[in-house]
Amino acid sequence: MNAIPAELLRIIIGLVAIAVSVGLIGLVMVWVERKVAGHIQRRPGPYEVGPNGLIQPLCDALKLVGKQLFMPKGADPILFWLAPVLAFLPVLLLFLPLPVGDGLQTLDVNLGLLLILAFSGLAVLSVLLAGWASNNKYGLLGAARGVAQAVAYEIPLLLSVLAVSFVAGSLDLAHVVKLQGTWPWNWNIMTQPLAFLIYIVSALGETNRAPFDLPEAESELTAGFHTEYSGMGFGLFFLAEYANMVVVCSVATALFLGGWHGPVLPGPVWFVLKVSALMLLMVFVRWTYPRVRFDQLLVINWKWLLPLAVANLLLTAFFVKLAQFA
Amino acid sequence: MTTYQNNDHLAGDFYTQNFAKTAGEGNLILNLGPQHPSTHGVLRVVVELDGEYIMRAEPILGYLHRMHEKMAEVKTAAQFIPNMGRVDYGHALGWNWAFVGAAEKLGGIEVPERAEYIRVITCELNRIASHLLWWGAYLLDLGAFTPIMYAFDDREKVLDILQIPTGSRLTYSYYRIGGVAQDLNADCIRRIQEFIPWFRSRLPMYKDLVSDNIILRKRIEGIGAIEQDTCRRYGATGPVARGSGINYDVRRAQPYSVYPKLDFVVPTSDLKDARGRYDVRMIEMEQSLRIIEQALDMMPEGEVLVKGAPKPSWKVPAGETYFAVEGARGKIGAYVVSDGGKNIYRTKLRAPGFCNLSLFAEVSQGTILADAVAILGSLDLIIPEIDR
Numbered sequence: 044m045n046a047i048p049a050e051l052l053r054i055i056i057g058l059v060a061i062a063v064s065v066g067l068i069g070l071v072m073v074w075v076e077r078k079v080a081g082h083i084q085r086r087p088g089p090y091e092v093g094p095n096g097l098i099q100p101l102c103d104a105l106k107l108v109g110k111q112l113f114m115p116k117g118a119d120p121i122l123f124w125l126a127p128v129l130a131f132l133p134v135l136l137l138f139l140p141l142p143v144g145d146g147l148q149t150l151d152v153n154l155g156l157l158l159i160l161a162f163s164g165l166a167v168l169s170v171l172l173a174g175w176a177s178n179n180k181y182g183l184l185g186a187a188r189g190v191a192q193a194v195a196y197e198i199p200l201l202l203s204v205l206a207v208s209f210v211a212g213s214l215d216l217a218h219v220v221k222l223q224g225t226w227p228w229n230w231n232i233m234t235q236p237l238a239f240l241i242y243i244v245s246a247l248g249e250t251n252r253a254p255f256d257l258p259e260a261e262s263e264l265t266a267g268f269h270t271e272y273s274g275m276g277f278g279l280f281f282l283a284e285y286a287n288m289v290v291v292c293s294v295a296t297a298l299f300l301g302g303w304h305g306p307v308l309p310g311p312v313w314f315v316l317k318v319s320a321l322m323l324l325m326v327f328v329r330w331t332y333p334r335v336r337f338d339q340l341l342v343i344n345w346k347w348l349l350p351l352a353v354a355n356l357l358l359t360a361f362f363v364k365l366a367q368f369a
Numbered sequence: 162m163t164t165y166q167n168n169d170h171l172a173g174d175f176y177t178q179n180f181a182k183t184a185g186e187g188n189l190i191l192n193l194g195p196q197h198p199s200t201h202g203v204l205r206v207v208v209e210l211d212g213e214y215i216m217r218a219e220p221i222l223g224y225l226h227r228m229h230e231k232m233a234e235v236k237t238a239a240q241f242i243p244n245m246g247r248v249d250y251g252h253a254l255g256w257n258w259a260f261v262g263a264a265e266k267l268g269g270i271e272v273p274e275r276a277e278y279i280r281v282i283t284c285e286l287n288r289i290a291s292h293l294l295w296w297g298a299y300l301l302d303l304g305a306f307t308p309i310m311y312a313f314d315d316r317e318k319v320l321d322i323l324q325i326p327t328g329s330r331l332t333y334s335y336y337r338i339g340g341v342a343q344d345l346n347a348d349c350i351r352r353i354q355e356f357i358p359w360f361r362s363r364l365p366m367y368k369d370l371v372s373d374n375i376i377l378r379k380r381i382e383g384i385g386a387i388e389q390d391t392c393r394r395y396g397a398t399g400p401v402a403r404g405s406g407i408n409y410d411v412r413r414a415q416p417y418s419v420y421p422k423l424d425f426v427v428p429t430s431d432l433k434d435a436r437g438r439y440d441v442r443m444i445e446m447e448q449s450l451r452i453i454e455q456a457l458d459m460m461p462e463g464e465v466l467v468k469g470a471p472k473p474s475w476k477v478p479a480g481e482t483y484f485a486v487e488g489a490r491g492k493i494g495a496y497v498v499s500d501g502g503k504n505i506y507r508t509k510l511r512a513p514g515f516c517n518l519s520l521f522a523e524v525s526q527g528t529i530l531a532d533a534v535a536i537l538g539s540l541d542l543i544i545p546e547i548d549r
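Going down the list, the sequences are from chains X and P. The first sequence begins at 44 in this note's numbering and counts up by one. The second sequence begins at 162 in this note's numbering and counts up by one.
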């Protein structure tokens, strides 16, 4: 055992746990999403396979794995298959610095937030590659939308996150969580409500979830950037979407909702509960609202979110400085 | 460095190539359809895109051409009625009525009054079902997944009611030359009476949850404005014309059946955009409820099929006539020419969807792709009706 450094061992165990949990979360979220959608739409949702359709996502996953991997004529084979892998792999890295509980963190770095924001930027690349390499006009349009959207929404997301880290004086997620308390009024959401709102809206945009699911707007672009993907190619994009949702919700939980803090129950349970609540919110939004138009999406971002986020950041910086003098 | 193989498979067919001849430099030619989620069937629209902006659009028809007019030439009048139920799956009874009405006009057949009222009731119920189908599908186009389930929930109730007298759920062939096939029984009337207040209670909910939603309003307000002049030039009718402020409803303009006795409002909107058409259809559903309510009260007892009604082998007397009814999508017309032979010599069907779709090329110019989908949906197209 002495040959292997403890830190490496920790990362390996963490990565394995993350890989397993991402797969598991994907399955559970598919089921939850379909069940919630079903209940919103006054129908039972998946029902046949297993109790209340619990086995359904597993069957779907098996079906996806078993399907022929098909590539359109004239597509760029390397980039075409690189795209789904590139969509999925960075997501695993995003889980590394997430503090699930006190000390329960795969990678304890003081720049965790930066790591997450940097690697989540790679998702755009995969969208662009997928749309470009599949030699499909819908794919190309979807990719163009995806890039414009992701670039736009990354900025208010960053600014809202920065406001919180200004207050905490750290980019370490665990440190930000430690500064918050047990009860909701001790959480950052009380001091930074605007940043939380901006973060949630931008997060919907970042993860391409409805009402901002324009890169894959099915009524306009059939399936957008992943039109040509079948089998696991599509499956990886699908999984990456859910994993991305988990990441943005976890970051929101750590930054704004007190992370693992909470009364009575152990820390990790609280963390999972809070993340689940945010995920459910995203699911509710998806099944309730129509899709915005592309120019409206950018208008929301450039005219509202960005100025608000900048104003919020400046105000926060001002008060932080004031507190230092006082 | 990747050299792409030849892209011949992307060159497209005659229509695409012909369309591409006049395309601007660097513009993208995109085929929306024939298989595309927003075209509700097999409509194909070739568009020239500059980024997301539509420079030109051209609908291409004929993927669902089923020769209904030719079939009319090889069938007797009575045998052709089932065809009419299949022209437009949304509002089948309207088409039933147009053809049956033309044949009656030519044969000089008086329809019993009870049958007229039954026709009004069933036709209006079918109009509600058709508008609900449009409503759900339109919001699906705009990216809202849930309303269609609620719309289908309501529509299901209408279909259940219509199933009792007609025996079918979608492609009705219920009207007969000289009346209707069956009387409405007590169960059917009770269910209609239950449906009216229930559906009335649903409409405000749709308004609160969907029609007033800010995202929906941003998507349809001011989008796809159609000038009255354009409507007239293309012969647009129904909610499309009324959404542009043209007060034209066949039920009022060329009254038929017992509609003159009924009190209802023809809704129009001066907005001219997709919102106007949306509002008109929503109000029309309310008005249809009003019509049904009155018709149920006023319906006399009596026969539902005239005595000595034409047999299937009945020969339509020589002559020519035109009969139009107000369908869910606009003016449904049947032009029937008979030479007194076994089969009708020629039948020309006027489909409102065809005229309404023709607008699209002009209206969609310069809009964003997403708006084009919103405009296409707001025209309420049923492709089998357009291609016939």
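Don't be surprised by glycine CBs; every beta carbon is placed ideally from N, CA and C.
Kindly indicate which three-state DSSP category Ile505 (chain P) falls into: helix, strand or coil? The answer is coil: DSSP assigns Ile505 (chain P) none of H, G, I, E or B.
Asn374 (chain P) versus chain X: which residues are under 8 angstroms apart at the beta carbon? Tyr332 and Pro333
Where the beta strand (DSSP E) through Thr482 (chain P) begins and ends: Thr482 (chain P) -> beta strand (DSSP E) spans Gly480 to Glu487.
Identify every residue that forms a DSSP beta bridge with Asp211 (chain P). P:Tyr214
Compare the C-alpha of Ile452 (chain P) against each of P:Leu423, P:Ala402, P:Trp256 and P:Thr398 and name the closest. P:Leu423
Among X:Ser208, X:Val290 and X:Asn229, whose alpha-carbon lies nearest the alpha-carbon of Pro133 (chain X)? X:Val290
Just to confirm before moving on: does the CB-CB distance between Ile547 (chain P) and Ala512 (chain P) stay below 7 angstroms? yes
Delimiting residues of the alpha helix (DSSP H) encompassing Tyr176 (chain P): Its alpha helix (DSSP H) spans residues Phe175 to Lys182.
List the endpoints of the continuous alpha helix (DSSP H) containing Ala233 (chain P). His229 to Glu234
Partners in chain P for Gln84 (chain X), counting only beta-carbon separations shorter than 7 angstroms: Thr307 and Met310
Apart from the five residues on each side of it in sequence, which residues of its chain come closer than 7 angstroms, Cβ to Cβ, to Ile322 (chain P)? Leu286, Cys349, Arg352, Ile353 and Phe356
With 7 angstroms as the limit, tell me which residues of the segment 420–440 of chain P have their beta carbon closer than that to any beta carbon of chain C; keep them in chain order. Of the protein chains in the structure, X and P, none is chain C.
If you follow the alpha helix (DSSP H) that Val65 (chain X) is in, where does it begin and where does it stop? Ala49 to Ile83
Nearest-angstrom Cα separation, counted from Val206 (chain P) out to Ile309 (chain P): So the two alpha carbons sit approximately 24 angstroms from each other.
Within its chain, find whatever has a CB closer than 8 angstroms to the CB of Gly223 (chain P); leave out the 5 residues flanking it on each side and keep chain order. Asp548
What did DSSP end up calling Ala369 (chain X) once you bin it into helix, strand or coil? coil
From the DSSP secondary-structure annotation, give me the bridge partner or partners of Lys433 (chain P). Answer by DSSP bridge pairing: none, since Lys433 (chain P) is not bridged.
Identify each residue in the segment 217–249 of chain X for which the Cβ-Cβ distance to at least one residue of chain P is less than 7 angstroms, and report them in chain order. Using a CB distance below 7 angstroms, no part of the segment 217–249 of chain X faces chain P.
Indicate the three-state DSSP secondary structure (helix, strand or coil) for Ser474 (chain P) in the structure shown. coil
Quick one: residues in its chain with C-beta nearer than 6 angstroms to the C-beta of Met446 (chain P), no 5 flanking neighbours on either side, listed in chain order? Ile289 and His292
How big is the Cα-Cα spacing for Glu271 (chain P) and Leu530 (chain P)? The straight-line gap from Cα to Cα measures roughly 51 angstroms.
Judging by CA-CA distance, which residue of X:Leu122, X:Glu76, X:Leu52 and X:Met72 is the nearest neighbour of Thr331 (chain X)? X:Glu76
Suppose contacts are defined by Cβ-Cβ distances below 7 angstroms. Is Tyr299 (chain P) in contact with Gly538 (chain P) by that definition? yes
Have a look at Leu2 (chain X) and Leu193 (chain P) and give me their C-alpha separation to the nearest angstrom. The question about residue 2 (chain X) has no answer here: the residues shown for chain X are numbered 44 through 369.
Quick one: list the residues of chain X neighbouring Asp174 (chain P), beta-carbon separation under 8 angstroms, in chain order. What Asp174 (chain P) touches in chain X: nothing, since even the nearest Cβ is about 15 angstroms away.
Rank P:Phe515, P:Glu277 and P:Phe260 by C-alpha distance to the C-alpha of His226 (chain P) and give the top, closest one. P:Phe515
Cα separation between Trp256 (chain P) and Tyr506 (chain P)? Distance from the CA of Trp256 (chain P) to the CA of Tyr506 (chain P), rounded to the nearest whole angstrom, comes to 19 angstroms.
Is there a Cβ of chain X sitting closer than 7 angstroms to that of Gly304 (chain P), yes or no? Judged by the 7 angstroms Cβ criterion, Gly304 (chain P) is in contact with chain X.
Three or more beta-carbon pairs under 8 angstroms between the segment 267–286 of chain X and the segment 224–239 of chain X, yes or no? With the cut-off at 8 angstroms, the segment 267–286 of chain X and the segment 224–239 of chain X do not touch.
Indicate whether Val486 (chain P) and Trp295 (chain P) have their beta-carbon atoms separated by less than 7 angstroms. no
So is Ile536 (chain P) in contact with chain X if we call contact Cβ pairs under 7 angstroms? False, the Cβ-Cβ gap to chain X never drops below 7 angstroms.
What residue range is occupied by the uninterrupted beta strand (DSSP E) comprising Ala496 (chain P)? It is worth fixing the name first, because residue 496 (chain P) is Tyr in this sequence and not Ala. Segment Lys492 to Ser499, the beta strand (DSSP E) holding Tyr496 (chain P).
Just to confirm before moving on: does the CB-CB distance between Ala218 (chain P) and Ser525 (chain P) stay below 7 angstroms? yes
Near-chain P residues of the segment 188–204 of chain X (beta-carbon distance less than 9 angstroms), N- to C-terminal order: Listed in sequence order: Arg188.
Listed by chain order, chain P residues near Pro254 (chain X) by CB distance under 9 angstroms: Gly304, Ala305 and Ile376
Can you check DSSP and say which residues form a bridge with Ile242 (chain P)? Bridge partners of Ile242 (chain P): none, in fact.
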